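Using my numbering, you'd call the opening residue of the sequence shown number 420 and step up by one each time. Glycine included, each C-beta is placed from N, C-alpha and C at the ideal position. These numbers come from a predicted model, not from an experiment.
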Amino acid sequence: MRKIELFFAYICASLIMSAVAINFSNVIGRYVFLNPFSWVEEVLVYMNIWMVFLGSIIVSLRNKHLNIDIFRHLIPKFMSRFVSAIITAATGIVCVIVAWISYGYVDRVHKMGQQSISLEIPMYIPHLAVFVGFSMMSLATGIHLVRLLAGKRVDDGDAERSS
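So this is what it looks like as structure tokens:
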């Protein structure tokens, strides 16, 4: 899973560096040449959307999503794995449902041929980020669930990164 995580991390890093370069060039265009690019805001919004959903994949692979474990200390130790499995399964189900719904939406937008205002790119491309993100999060959650049910430790990746 480390290689998959690195793959998405490199994509996110490339997107953020590209966003900085695009934004910097727009500042130069606006304040030096008094001619800003009209498409920059649109591109930056779509890049941010993709970064959020690709970043959520990385967080899922690391098993580091925000959770509320205020009651975790109240349950007996032997039930902890069972409760974790239920929470992980529920998370996976929600991810599958959101991925399924977003796929239907992307399909409808694609069939309508909707395009963005400034760049006229197909609008299914930015909307595809939700489907990709939640599909991959559901796979990562499924892997964590299988590991939990097999009695293996669901590693958050910290030990691997620190070595």
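Secondary structure at P545: helix, using DSSP grouped into helix, strand and coil. Take the alpha-carbon of I512 and the one of I562: they are about 13 Å apart. Setting aside the 5 residues that flank it on each side, R500 is surrounded in the same chain by L567 and G570, each with a C-beta closer than 8 Å to its C-beta; the list follows chain order. The bridge partners DSSP lists for Q533 come to none.
A distance below 8 Å between beta-carbons, with the five flanking residues on each side excluded, links L434 to the following residues of its chain, in chain order: M466, W469, M470 and L473. Just so you know, the alpha carbons of V528 and D488 end up roughly 39 Å apart. Here L564 has A504, T507, A508 and G511 as same chain residues with Cβ atoms under 8 Å from its own Cβ, once five neighbours each way along the sequence are excluded.
By the Cβ test, the stretch 514 to 533 is not in contact with the stretch 481 to 497, since fewer than three Cβ pairs between them sit closer than 8 Å.
Taking a cut-off of 8 Å for Cβ pairs, the stretch 444 to 455 and the stretch 420 to 436 do not touch, as fewer than three such pairs fall below it. Taking a cut-off of 8 Å on C-beta distances, the stretch 518 to 527 touches the stretch 543 to 556, as three or more cross pairs fall below it.
N486 is classed as exposed because its beta carbon has fewer than 16 other beta carbons within 10 Å across all chains shown. DSSP places V464 within a helical segment (H, G or I) once states are collapsed to three. Distances from the alpha-carbon of S537 to those of K422, S457, F553 and F490 put S457 closest. V451 carries a coil assignment under DSSP once its states are collapsed to helix, strand and coil. Taking C-beta atoms as the reference points, I441 and V459 count as a pair closer than 9 Å.
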